[in-house]
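*Asks:* This is the structure I have questions about; it appears just below.
Protein chains: 2
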Amino acid sequence: MARVTIKEIARRAGVSKGAVSYALNNQPGVSEATRARVLKVAEELEWVPNRAARQLSAARSETFGLVLARSAKTLSEEPFYMGFVGGVEEVLGEKSYALALQVVPDIAEEMATYRKWAAERRVDGVIVVDIRVDDPRIPLLRKVGLPAVLVGDPSLADGMTCVWTDATSAMNAALDHVASLGHRLVGRVAGPSDHGHVWIRDQAFNSASERLGLETRVVHTDFSGESGAAATRKLMTEGVRPTAVVYDNDLMAIAGLSVVNGLGLKAPDDVTLVAWDDSTLCRLTHPTLTAMSHNIVAYGSEVAHRLFDLLEGARPEAHLYSTPQLVVRESSGPPPAS
Amino acid sequence: MARVTIKEIARRAGVSKGAVSYALNNQPGVSEATRARVLKVAEELEWVPNRAARQLSAARSETFGLVLARSAKTLSEEPFYMGFVGGVEEVLGEKSYALALQVVPDIAEEMATYRKWAAERRVDGVIVVDIRVDDPRIPLLRKVGLPAVLVGDPSLADGMTCVWTDATSAMNAALDHVASLGHRLVGRVAGPSDHGHVWIRDQAFNSASERLGLETRVVHTDFSGESGAAATRKLMTEGVRPTAVVYDNDLMAIAGLSVVNGLGLKAPDDVTLVAWDDSTLCRLTHPTLTAMSHNIVAYGSEVAHRLFDLLEGARPEAHLYSTPQLVVRESSGPPPAS
DNA sequence: GCGCGGTACTTAACCGGTTCGGTTAACCAA
DNA sequence: TTGGTTAACCGAACCGGTTAAGTACCGCGC
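Taken in order, these protein sequences are the chains called A and B.
The end of the first sequence is residue 434 by the numbering used here, with every number in the run present.
The end of the second sequence is residue 434 by the numbering used here, with every number in the run present.
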C-alpha cells in the first residue's frame, strides 16, 4: 500500500497538484465542481496530509509544546499535571493538533528546550506553567519569538497572554471560612516562595489575616507529600499550635491529615484542615477534606483555547479563568474549646 | 536572525550540501578534515536540524506515540500514568526523541489514532498500555505496520514485543503475606476484568488462594476511587466480612481505607489492607498502607528502551521488567480475634 | 473590435534536509 | 605506462506539500 499523496489525487482528478492543494485547504482558486471532485477522490483514496511536508513548506507544525520542570516522581504524585494535560489534549484533539510534552529536571533545561523548539520550528506555541517571580522564561520566549500562554497571575506575566485563577479572592474565602468558624491562629503550609502563585497566595494570606485579625504561622515547603508532612508536624508540635491549617495543594493536605492522625489528634475536633486544588483524593480521606476547588481539566482546556486565539492574532491579554470555590467538608469545624 | 540551514554551512565551509549532510550525520563519504571543518561551522552558526525536513526525506519522525484511553479525570487521579510518562520521557530526552501523547475516550478512538499516525508517518513507534484480553489493537498495529511495545503480559501479547511485571508471583507474595498473618477469608477489589493485567491477577488470586486454602470474595470495579469505595463498603457490610482486602491499585486502597474508617472499623485491627502500585500516597495515609511496590518511573524508561531496541532491529521478545515487591506497612496485622 | 478584469486553473520554485549516481584525483599493481 | 580501485566530493533528484507568478478563457463595457 503505497503512500497516497496529492500528486496521485491530482492525477486521478485530472488537475494539477496546486489545484488539489487549494481544494483541500478550502482556499479560493478552484471551482466548486472541481473542489468537490478532488475532495471525493481524496476521500476514496483515504488521503491524509503528511505533517512533515506541510510543516516544511507552510512553516506550521500543528503542535503545541509543554515543558514540565519537575521530577517524574513529583509529577506522578501531583494530580494537577495529568489533569491539566488531559484538558489541553481535549482541545488539541478537536483541531488535530498534537502536544509535544517534555519533562526536564529544572528551569535551565526548560529554557534550553524552548531555544531548541524555536530553532527547529518544532512547535507553533507553548504553554508555560509554574510561573515564577521575575521569571527568566518570559524574556527568553520574547527573544526567540515563541508564542506562549502563561499559566499564572497577570502581575507576573509582564504583558504576555496569561490565564489565571483569582488566588487572592480564594484565599480570602478560605480565611473567611476559618475565621467564621472561630479560629484565631491559622497555619499555612505553602509551596516554595519563588513560585509565582505561592507568592501571590502569601500576599493574600497576610492581608486577609490582617483584615480578620488572625494570628498566623507559615511554613514553606517544596510541594511534596513528605515536606507537607514535616511542615504539619512542625506546626502541630512546636510553638503555639494553630487550630486551622491551609495547604497549598491537596497532596500536602493529605499528608498533613495523616500526621495529625498519627499524633493522636482529630480533625476537625483538634484542627481544621483546608486543602487546595481539590482532586478526588480530598473526598477519599477520612475525614473528607475541605478544599478550594477548581476544575483543573477545564483549566487546561481554557489555556489551550487561548493559545489558539493567540496564534489567530488575538492581542496578548490576561484571562481570568475562575476563582477556586470553597467546598466545605468534614475536616472543617470550630476550634477546640481549650 | 535568519534560519541557519545546511546550505549556509555548505557555503561557508566551501563544500556541497550533500557533503555537509554526510559530515553532520557521521556517515562515510567525507574526510576527517572536512568533517571537522563542517562541524565547526555548524557549531559556530548554532545550527539545529529542521525536524520536518529530515522527516520528510528520511522518513523518520524521531517521535514515539503514546495513547491513553481514559478520561482526563481518571488520568489525573491515577498516579501510575504520569509516573510512567515521566519515565518514558527521561529516555526519549537523552536521544532527543519526542513523545506524542494523545488522550482519547476509548479504545476505538485509540485505534483511529494509530491508523492516522501510521498513515501520516507521524511516529516511529508506539507504546501501548492497558492490554486487554484478545486485544483488537494488536492485529491493527500489525496491519498498519506500526512498531510497538506492549505493556502487559506475554500471554496476551501474541508474539509482539512486550514488557511485563510478574503479577502472578506478586499476587502469590501478597496472599502468602496475609495467610501467614492468619487470615482465612480474603477480599479482592479488582479492576475491570477485560483488562489483561486484571485478568492475570484474577487467575493468580484464585490459584494462590486455593493453594493456601483461603476463602475469597472478589468485586470488580472500574479502577476509580469512587468504585473502590463502593466495593469496599459492599465487602465490609454485606455477607461475611473478609479480614483482609487486596486492591488492584492504590487509589482504590486509599478510598477503601477511608470507608473502613468511616464505618468505625480500624485497620489493621479489624481488617488488613494491601494496595497495588505503591505510589507515595500509600505512605501518606494513616495507617500507612502495605503495598505491592514497583518503580513505575523506571518501568516507563524500560519500555522506551525496548522500543528503541525494536527499531534497531531487535526481534520481538517478552521482557520481564520486575516482580512487584511486598512492602509491609501499618495496615497489615493479624485478623481480629472474633 | 479592443482592452480590461476576473475566474479557474497550471507551472514551477521553494521549504531543508537525505541520498544516489557520477566525476575527479590519488594511489596501486602489473 | 596503463587499467582498475577507492576515497572524497559534487550535483541533482527527491520527499509532499504550499504558494507566487503566469496563462488561457470568458464576459463585459465602450
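Glycine included, C-beta positions come from ideal geometry on N, C-alpha and C.
In chain order, what residues of the region 211-232 of chain A put their CB closer than 8 Å to some CB of chain B?
*Replies:* The residues in question are K212, A215, E216, R217, R218.
*Asks:* With contact counted as at least three CB pairs below 8 Å, one residue from each stretch, are the region 359-370 of chain A and the region 387-406 of chain B in contact?
*Replies:* In short, these stretches do not touch, since the Cβ pair count stays below three.
*Asks:* For A/V126 versus A/R108, is the C-beta spacing smaller than 8 Å?
*Replies:* Translated into positions along the first sequence, residue 126 of chain A becomes position 30. Translated into positions along the first sequence, residue 108 of chain A becomes position 12. The answer is no: Cβ separation not under 8 Å.
*Asks:* With H, G and I counted as helix, E and B as strand and the rest as coil, what does DSSP make of A/A435?
*Replies:* Summary: the structure shown does not reach residue 435 of chain A, with chain A confined to residues 97 through 434, and so no result is reported for it.
*Asks:* Under 6 Å Cβ to Cβ from A/A222, same chain only, skipping five residues before and after it: list those, please.
*Replies:* Position 126 of the first sequence, counting from 1, holds the residue named residue 222 of chain A. First, the residue type needs correcting, since residue 222 of chain A is Val and not Ala in the sequence shown. Closer than 6 Å at Cβ, skipping near neighbours: G161, L242, A244.
*Asks:* Which residues, in order along the region 397-420 of chain B, keep a beta-carbon less than 8 Å from a beta-carbon of chain A?
*Replies:* Those would be none; no residue qualifies.
*Asks:* From the beta carbon of A/P432, is the nearest beta carbon of chain B less than 8 Å away?
*Replies:* To locate residue 432 of chain A, count along the first sequence from 1; it is residue 336. Judged by the 8 Å Cβ criterion, A/P432 is not in contact with chain B.
*Asks:* For A/L359, which of helix, strand or coil comes out of DSSP?
*Replies:* By one-based count along the first sequence, residue 359 of chain A stands at place 263. Coil at A/L359, not helix or strand.
*Asks:* Three or more beta-carbon pairs under 8 Å between the region 143-151 of chain A and the region 147-156 of chain B, yes or no?
*Replies:* The region 143-151 of chain A, when compared against the region 147-156 of chain B, does touch it at the 8 Å Cβ threshold.
*Asks:* Taking only three categories from DSSP, how would you classify B/G396?
*Replies:* Within the second sequence, residue 396 of chain B is the residue found at index 300, counting from 1. Helix, per DSSP.
*Asks:* In the DSSP assignment, find the alpha helix (DSSP H) that holds B/L388 and state where it starts and stops.
*Replies:* On the second sequence, residue 388 of chain B is found 292 positions in, with the first residue counted as 1. Note on residue identity: the sequence assigns Met, not Leu, to residue 388 of chain B. Not the alpha helix (DSSP H): B/M388 falls in the beta strand (DSSP E), residues 386-389.
*Asks:* Does the distance from the C-beta atom of B/G283 to that of B/A340 stay below 8 Å?
*Replies:* Start at 1 with the first residue of the second sequence, and residue 283 of chain B comes out as number 187. Start at 1 with the first residue of the second sequence, and residue 340 of chain B comes out as number 244. Cβ atoms of B/G283 and B/A340: closer than 8 Å.
*Asks:* Below 8 Å on C-beta distance, what does B/V144 contact in chain A?
*Replies:* Here residue 144 of chain B is taken as the residue at index 48 of the second sequence, counted from 1. Here the neighbours are K212, A215, E216.
*Asks:* Against chain A, does B/Y177 count as a neighbour if the rule is that its beta carbon must be under 8 Å from one of theirs?
*Replies:* Position 81 of the second sequence, counting from 1, holds the residue named residue 177 of chain B. Taking Cβ atoms only, chain A reaches closer than 8 Å to B/Y177, which makes this a yes.
*Asks:* Who are the neighbours of A/S375 on chain B, taking C-beta pairs under 8 Å?
*Replies:* For the purposes of this step, residue 375 of chain A is taken as residue 279 along the first sequence, with counting starting at 1. Within 8 Å Cβ-Cβ: S172, E173.
*Asks:* With a threshold of 16 other CB atoms inside 10 Å of the CB of A/L416, please say whether the residue is buried or exposed.
*Replies:* For the purposes of this step, residue 416 of chain A is identified with residue 320 of the first sequence, where counting begins at 1. Counting Cβ neighbours within 10 Å, A/L416 comes out exposed, since fewer than 16 surround it.
*Asks:* Going by DSSP, name the residue or residues bridged to B/W295.
*Replies:* To locate residue 295 of chain B, count along the second sequence from 1; it is residue 199. Beta-bridge pairing links B/W295 to no other residue.
*Asks:* Just confirm the distance between the C-beta atoms of B/L380 and A/A351, as a whole number of angstroms; I'd bet it's less than 8 Å.
*Replies:* On the second sequence, residue 380 of chain B is found 284 positions in, with the first residue counted as 1. On the first sequence, residue 351 of chain A is found 255 positions in, with the first residue counted as 1. Right, their Cβ atoms sit about 5 Å apart.
*Asks:* For the region 405-420 of chain A against the region 108-122 of chain B, do three or more pairs of beta-carbon atoms, one drawn from each stretch, fall closer than 8 Å, so that the two count as touching?
*Replies:* Contact between the region 405-420 of chain A and the region 108-122 of chain B is absent, because fewer than three Cβ pairs lie under 8 Å.
*Asks:* Kindly indicate which three-state DSSP category A/M97 falls into: helix, strand or coil?
*Replies:* In the first sequence, residue 97 of chain A corresponds to position 1, counting from 1. With a pLDDT of only 48 at A/M97, under the threshold of 50, the placement of this residue in the model should not be trusted; the figure read from the coordinates follows. Looking at A/M97 - three-state DSSP - the assignment turns out to be coil, as it is neither helix nor strand.
*Asks:* May I have the straight-line CA-CA distance separating A/M348 from A/G321, to the nearest angstrom?
*Replies:* Residue 348 of chain A sits at position 252 when you count from the first residue of the first sequence. Residue 321 of chain A sits at position 225 when you count from the first residue of the first sequence. Near 5 Å, if we compare the C-alpha coordinates of A/G321 and A/M348.
*Asks:* Note down the Cα distance separating B/F176 from B/V163, rounded to an integer number of angstroms.
*Replies:* The residue you call residue 176 of chain B lines up with position 80 of the second sequence. The residue you call residue 163 of chain B lines up with position 67 of the second sequence. Looking at the two C-alpha atoms, the distance is approximately 14 Å.
*Asks:* Between the Cα of A/P250 and the Cα atoms of A/D262, A/A214, A/V342, which residue gives the shortest distance?
*Replies:* Residue 250 of chain A sits at position 154 when you count from the first residue of the first sequence. Checking every option, the nearest Cα to that of A/P250 belongs to A/D262.
*Asks:* Under a three-way DSSP split, which group does B/V137 fall into?
*Replies:* By 1-based counting over the second sequence, the position of residue 137 of chain B is 41. It is helical.
*Asks:* Within 10 Å of its beta-carbon, does B/V187 have 16 or more other beta-carbons around it, so buried, or fewer, so exposed?
*Replies:* Translated into the one-based positions of the second sequence, residue 187 of chain B becomes position 91. Per the 10 Å Cβ criterion, buried.
*Asks:* Which residues in chain B have a C-beta closer than 9 Å to the C-beta of A/A208? List them in chain order.
*Replies:* Counted from its first residue, the first sequence places residue 208 of chain A at position 112. Under the 9 Å cutoff, chain B gives no residues; its nearest Cβ is about 11 Å from A/A208.
*Asks:* Can you tell me which residues form a DSSP beta bridge with A/D373?
*Replies:* Numbered from its first residue, the first sequence carries residue 373 of chain A at position 277. A/S389, per the DSSP bridge assignment.
*Asks:* Count the other C-beta atoms from every protein chain shown that fall within 10 angstroms of the C-beta of A/I105, then say buried if there are 16 or more, exposed otherwise.
*Replies:* Within the first sequence, residue 105 of chain A is the residue found at index 9, counting from 1. That one is buried.
*Asks:* Secondary structure at A/E205, three-state DSSP: helix, strand or coil?
*Replies:* As a first step, residue 205 of chain A is located in the first sequence; it is residue number 109 there, counting from the start. Correct three-state label for A/E205: helix.
*Asks:* With distance defined between alpha-carbon atoms, name the residue in A/W372, A/A119, A/L385 nearest to A/V356.
*Replies:* Locating residue 356 of chain A in the first sequence gives position 260, counting from the first residue. When only C-alpha atoms are compared, the closest one is A/L385.
*Asks:* State yes or no: is the C-beta of B/L310 within less than 8 Å of the C-beta of B/M332?
*Replies:* On the second sequence, residue 310 of chain B is found 214 positions in, with the first residue counted as 1. On the second sequence, residue 332 of chain B is found 236 positions in, with the first residue counted as 1. No, these two residues do not count as a Cβ contact at 8 Å.
*Asks:* According to DSSP, which residues form a beta bridge with A/W260?
*Replies:* To locate residue 260 of chain A, count along the first sequence from 1; it is residue 164. In DSSP, A/W260 forms a bridge with A/L416.
*Asks:* Measuring only the C-alpha atoms, how far is A/V423 from B/V199?
*Replies:* Locating residue 423 of chain A in the first sequence gives position 327, counting from the first residue. Locating residue 199 of chain B in the second sequence gives position 103, counting from the first residue. So the two alpha carbons sit approximately 29 Å from each other.
*Asks:* Under three-state DSSP, which class holds B/L164?
*Replies:* Taking the second sequence and counting its residues from 1, the one referred to as residue 164 of chain B is at position 68. It is a strand residue.
*Asks:* At a CB-CB cut-off below 7 Å, which residues of chain B make contact with A/S354?
*Replies:* In the first sequence, the residue the question calls residue 354 of chain A occupies position 258. L380, T381, H382, listed in chain order.
*Asks:* What's the C-alpha gap between A/T101 and B/V259?
*Replies:* Locating residue 101 of chain A in the first sequence gives position 5, counting from the first residue. Locating residue 259 of chain B in the second sequence gives position 163, counting from the first residue. Spanning the two alpha carbons is a distance of roughly 36 Å.
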